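S.K.: Here my numbering = 1-based position in the first sequence + 820.
Note that CB positions come from ideal geometry on N, CA and C, so glycine has one too.
What you are looking at is a predicted structure, and each value in this text was computed from that prediction instead of being measured.
One structure is given below, represented as C-alpha cells, and several questions about it will come after.
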Amino acid sequence: MPPRDPLPDNGELAAVFQTIADYLSLDGASVYRTLAYEKAAESFREHPTSVAELALRGELRTLPGVGQAVESKVAEYLEGGTITMLEQLRATYPEGVLDLMRVPGVGPKKAKHLWTTLGVDDLHSLREAAEQGRVRGLPGMGAKTEANLLRALAAAESRSDRHLIGAVEPTAERLAAALRALPCVDQADFAGSLRRRRSTIRDIDLVAASAEAEIVMDAFDALPEVASVQERGATKLVARTHSGFSVDLRVVAPEAYGNLLQHSTGSADHNVALRGYAQRSGYKVSEYGIEETATGRTIACRTEREVYATLGLPWIPPELRENRGELEAARENRLPRLVTLADLRGDLHVHSDWSDGRATIVEMARAGEAAGLEYICFCDHSQSLGMGKGLTPDRVLSQIAEIRAVGVTVPGISLLAGSEVDILADGRIDLPDEVLAQLDFVTASIHSGFQEPVDRIMRRLTAACENPHIDAIGHPTGRLLGRRDAYPVDIDRLVTLAVETHTILEINASYHRLDLSAAHARLARDRGARLMICSDAHSPGGYDALRFGVGEARRGWVEADDVVNTWPLDRLRVSRAGPSH
DNA sequence: GCCGTTTTCGGCCCGACTGTTTTCAGTCG
821 MPPRDPLPDN GELAAVFQTI ADYLSLDGAS VYRTLAYEKA AESFREHPTS VAELALRGEL
881 RTLPGVGQAV ESKVAEYLEG GTITMLEQLR ATYPEGVLDL MRVPGVGPKK AKHLWTTLGV
941 DDLHSLREAA EQGRVRGLPG MGAKTEANLL RALAAAESRS DRHLIGAVEP TAERLAAALR
1001 ALPCVDQADF AGSLRRRRST IRDIDLVAAS AEAEIVMDAF DALPEVASVQ ERGATKLVAR
1061 THSGFSVDLR VVAPEAYGNL LQHSTGSADH NVALRGYAQR SGYKVSEYGI EETATGRTIA
1121 CRTEREVYAT LGLPWIPPEL RENRGELEAA RENRLPRLVT LADLRGDLHV HSDWSDGRAT
1181 IVEMARAGEA AGLEYICFCD HSQSLGMGKG LTPDRVLSQI AEIRAVGVTV PGISLLAGSE
1241 VDILADGRID LPDEVLAQLD FVTASIHSGF QEPVDRIMRR LTAACENPHI DAIGHPTGRL
1301 LGRRDAYPVD IDRLVTLAVE THTILEINAS YHRLDLSAAH ARLARDRGAR LMICSDAHSP
1361 GGYDALRFGV GEARRGWVEA DDVVNTWPLD RLRVSRAGPS H
C-alpha cells in the first residue's frame, strides 16, 4: 500500500505519539513505557526535516528514542492513517478524559477515577460535578481539591482561544513567504498582535500589496496549509489553516501598503488614539490613506514610516503600539531605543545534559557560537529538581571542571559555570554557600510550592535576593502561558528588592513563559532594576527563543543598556564583583 | 519502550509539596 499523500508533518506525528503516551498513562502503563512514547513525540517535534520521509527511507531509528515498536507504529500510520493500539485505547476511554489530565492538579489517576466513578468524561462534566459537590466524596479528594479544580477550570477557560506566539509564528512566516513568492505580490507581512510581539495570539493577520487581489486570494486559497476559506470579499478573506489557526488576509494596492500595514498592526487602542491625534492636526486616517481634511486630498503611503511622517511623527515600533504613552513619547521625540536581538552578546541561562537538557556542554557551546553569542552560562538545575537530574554539590564541582575544560576546546565563545538553584519552600537555597561561591553566575528560581500565599513567596524571593552569591532571579513569577497562572508575587516589592540588592531579574525567553512579562519588565526598568534576557535553552535549537524574549522586553520599553547580557563579558564580571558582592 | 565499553537484561524516575491522610497517594518539575 502506498503511503498517504500528502505525508503527515512532524507536528502531526508528534501529536499522535503524545496522544498514545497520554492514553498509556491513563491506562496505568509503566511510567517508562509512557515516557518512551513521549520521548519519541518530542524527537519528532524537534527534528528539523520531514520525519515521515525519514521513515520511508528506513532511517527512523537514527532518531533518539525510536526503537522497533515506535518505528512500526509510524509505518502503520503512514500506510493507513491510523494505529491499531491508539484505536483500541480510543475505544476504551472517551477522548475528553485526556483533557481532564491537562487541568492542573489532575493527573492520570484522578482523571480515571473521575470518569469511572462519576462518569466525568470532559471538562464540562468535570465542572458540573465540582459545582454540585460530587468530587469531594471521592477518595483522596476533599473540599479543597474541589475548589482548586473549579479555580483551575475557570482560569483555563479564560485563555482558551489564544495561541502561544512561538506556536503561531512559523505558520505565519510560511504564509507570508508564500504570498511574497507570488509574481503579482510586491510585499507581504504578518501584522496584528503577532507583529506587536504579544505573547499570545488569537489569529494571524496577513497583509499583501498587489494590484491583483483576486489572483492573490485564489493562490492563497490553494496553499497546502490552508484548510478552508470561511469568508471572502473583494480584498479580504478569512481562512483556517490545518494547524487550527484563523487567518485574515487583506490585499491593497502597493501605493497604500503602508496604510494597510499600519492599520492591521494595531492595536485598536493605538489606532484610535492615532486617529484622534491626526484629526486634531487636520487629517483623517484609514487603511487606504490619510485624507487632508481641508483639501479632501488623500495621501497614500507605500511604507509605514510615511504614514507616521505624514502626521509629523517618527516611526513607532510595533511593540509599543498599545496606547501606553507611545504617541506622547513620539511627539516629544523621546521614544526609547529598544533592545534588539543583535544587541544580545550572551545568554546567561542555558541547560545541558548534566541536568534536564538534551545536549552536551560542547554541543551547546558550538550552537551558542553559531547563534552569534560571545558568552553563555550553563545554569543546570540543583539537586532538588526532580527526575533525579538536579546536580548535587559534588556534581556541580565536577561540572565546573568540565566547563573549564571544554572552554579551551571551543575558543570562539566564553563559557561560564553557573547554576539555576532552587529556592526551596522554606526559603533555603538548594546548594551550600561554599559551592555557590565557586560559580561564575547564579540564578535562583522557584520550582515548587506555587500555591503558597504571597508573603511566603516573598519571604523566599527575599532570601534569594539577599544571598550575596545569587546574581539573578529566574522566571520571577513562574507563569506558564495558557497552562498555569503566576504564583503570587508582589512585583513592586520584588523590584525594590532587586534594585537594593543589585539582583538581576530575568526575562525568560521561552515562549511558554515570557516571564517577566512586558508590563513587569517596564516597571522594573522604570525603577532602575537590571534585567537579563535568557533563552533557558535545553537543546541547541533553544537559542531561537531569544527573539521572543526580546519581543517581550521591547513591549516593556526596555533598552539595550537595561539588559546585562548586552554588555561585554568584562563589564558583567566587574559588575558581579561590585558593591553587592 | 529504549538503550548499551556496566550491554541483550535490568536500569531508567527522584524529591518536594499538597491535601488528604493516621502513614500516604497523586501531582509536578
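Which same chain residues end up closer than 6 Å to Leu-969 when comparing Cβ atoms and leaving out the 5 residues on each side of it in sequence?
M.R.: Along the first sequence, read from residue 1 onward, the residue named residue 969 stands at position 149. Counting only Cβ-Cβ distances below 6 Å, and skipping sequence neighbours, we find Ala-950.
S.K.: Report the partner residues of Phe-1198 according to the DSSP bridge assignment.
M.R.: Along the first sequence, one-based indexing puts residue 1198 at 378. Paired residues: Val-1170, Ala-1237.
S.K.: Should the segment 1240–1251 be regarded as contacting the segment 1266–1274, the criterion being three or more beta carbon pairs within less than 8 Å?
M.R.: yes
S.K.: Would you report the Cα separation of Asp-941 and Pro-914, rounded to the nearest angstrom?
M.R.: Within the first sequence, numbered from 1, the residue matching residue 941 stands at position 121. Within the first sequence, numbered from 1, the residue matching residue 914 stands at position 94. Computed Cα separation, rounded: 6 Å.
S.K.: For Cys-1121, which residues in the same chain have their Cβ closer than 6 Å to its Cβ, ignoring the five residues on either side in sequence?
M.R.: Translated into the one-based positions of the first sequence, residue 1121 becomes position 301. Cβ within range, chain order: Gly-1078, Asn-1079, Val-1127.
S.K.: Name the residue from Thr-1316, Gly-1302, Leu-946 whose alpha carbon lies nearest to the alpha carbon of Leu-1343.
M.R.: Locating residue 1343 in the first sequence gives position 523, counting from the first residue. Comparing Cα-Cα distances from Leu-1343 to each of Thr-1316, Gly-1302, Leu-946, the minimum goes to Thr-1316.
S.K.: Short of 6 Å in beta carbon distance, which residues of its chain neighbour Cys-1199, apart from the five on each side in sequence? Order them along the chain.
M.R.: In the first sequence, the residue the question calls residue 1199 occupies position 379. A distance below 6 Å between beta-carbons, with the five flanking residues on each side excluded, links Cys-1199 to the following residues of its chain, in chain order: His-1169, Gly-1238, Ser-1239, Glu-1240, Thr-1263.
S.K.: CB-CB under 7 Å to Thr-1061, same chain, minus the five flanking residues each way: which ones, in chain order?
M.R.: Counting from one through the first sequence, the residue named residue 1061 turns up at place 241. Same-chain partners within the cutoff: Thr-991, Glu-1045, Val-1046, Ala-1047, Val-1067.
S.K.: Taking only three categories from DSSP, how would you classify Leu-1211?
M.R.: Within the first sequence, the letter at position 391 stands for residue 1211. Look at Leu-1211 here: in three-state DSSP terms it is strand.
S.K.: Ignore the nearest five residues each way along the sequence and tell me which others in Trp-1377's own chain have a CB closer than 6 Å to its CB.
M.R.: Within the first sequence, numbered from 1, the residue matching residue 1377 stands at position 557. Around Trp-1377: Pro-1156, Arg-1342.
S.K.: Would you kindly report the start and end of the unbroken beta strand (DSSP E) that includes Asp-1291?
M.R.: Translated into positions along the first sequence, residue 1291 becomes position 471. Where Asp-1291 is concerned, there is no enclosing beta strand (DSSP E), given that its DSSP letter is neither H nor E.
S.K.: Specify, as a first and last residue, the run of the beta strand (DSSP E) that Tyr-843 falls within.
M.R.: For the purposes of this step, residue 843 is taken as residue 23 along the first sequence, with counting starting at 1. Taken as a continuous stretch (DSSP letters only), Tyr-843 belongs to no beta strand (DSSP E), being part of the alpha helix (DSSP H) at 830–846.
S.K.: When you compare only the Cα positions, how much space is there between Ser-806 and Thr-1130?
M.R.: Lying outside 821 to 1401, the shown extent of the chain, residue 806 is not represented and no answer is given.
S.K.: Give the DSSP-derived three-state secondary structure of His-1401 in the structure shown.
M.R.: The residue given as residue 1401 occupies position 581 in the first sequence. Legend: pLDDT at His-1401 = 37, less than 50; position of this residue unreliable, no value from coordinates given.
S.K.: Check whether the Cβ atoms of Tyr-857 and Leu-844 sit closer than 8 Å, and answer yes or no.
M.R.: Taking the first sequence and counting its residues from 1, the one referred to as residue 857 is at position 37. Taking the first sequence and counting its residues from 1, the one referred to as residue 844 is at position 24. Going by C-beta atoms, Tyr-857 is nearer than 8 Å to Leu-844.
S.K.: Give me the Cβ distance between Arg-1374 and Leu-1158, rounded to the nearest whole Å; I'm assuming they're in contact under 8 Å.
M.R.: The sequence position of residue 1374 within the first sequence is 554, counting from 1. The sequence position of residue 1158 within the first sequence is 338, counting from 1. Their Cβ separation, rounded to whole angstroms, is 4 Å, which keeps Arg-1374 and Leu-1158 in contact under 8 Å.
S.K.: So if DSSP puts Leu-1351 in a beta bridge, which residue, or which two residues, is it bridged to?
M.R.: The count along the first sequence starts at 1 and reaches residue 1351 at position 531. DSSP lists Leu-1325, Val-1383 as partners of Leu-1351.
S.K.: What separation, rounded to the nearest whole angstrom, lies between the Cα atoms of Ala-1380 and Leu-1164?
M.R.: As a working note, residue 1380 is residue 560 in the first sequence. As a working note, residue 1164 is residue 344 in the first sequence. Approximately 8 Å, taken between the alpha carbons.
S.K.: Using the C-alpha atoms, what's the distance from Ala-1318 back to Val-1216?
M.R.: Taking the first sequence and counting its residues from 1, the one referred to as residue 1216 is at position 396. Taking the first sequence and counting its residues from 1, the one referred to as residue 1318 is at position 498. Cα to Cα, Val-1216 sits roughly 26 Å from Ala-1318.
S.K.: How long is the line joining the alpha carbons of Arg-1402 and Ile-1136, rounded to whole angstroms?
M.R.: Outside the shown range of the chain (821 to 1401) lies residue 1402, about which nothing can therefore be said.
S.K.: For the alpha helix (DSSP H) containing Tyr-1103, list its first residue and its last residue.
M.R.: Counted from its first residue, the first sequence places residue 1103 at position 283. First-last for Tyr-1103: 1103–1106, but that is the beta strand (DSSP E), not the alpha helix (DSSP H).
S.K.: Figure out for me which residue from Glu-1286, Ile-1311, His-1289 has the closest Cα to the Cα of His-1295.
M.R.: Taking the first residue of the first sequence as position 1, residue 1295 is located at position 475. Minimum Cα distance to His-1295 is reached at Ile-1311.
S.K.: Looking only at its own chain, which residues have a Cβ that is under 8 Å from the Cβ of Met-1278, when we skip the five neighbours before and after it?
M.R.: For this step, residue 1278 is matched to residue 458 along the first sequence. Excluding sequence neighbours, Met-1278 sits near Val-1309, Asp-1310, Arg-1313, Leu-1314.
S.K.: How close, in whole Å, do the beta carbons of Ile-1196 and Asp-1176 come, if the pair is a contact with beta carbons under 8 Å?
M.R.: Here the question's residue 1196 lines up with position 376 in the first sequence. Here the question's residue 1176 lines up with position 356 in the first sequence. At roughly 17 Å, the Cβ-Cβ gap does not stay under 8 Å, so Ile-1196 and Asp-1176 are not in contact.
S.K.: Whole angstroms are fine: how far does the CA of Ser-1202 sit from the CA of Asp-1250?
M.R.: By one-based count along the first sequence, residue 1250 stands at place 430. By one-based count along the first sequence, residue 1202 stands at place 382. Roughly 6 Å separates the two Cα atoms.
S.K.: Taking contact to mean at least 3 C-beta pairs separated by less than 8 Å, is the segment 1084–1092 in contact with the segment 1137–1149?
M.R.: Short answer: they touch.
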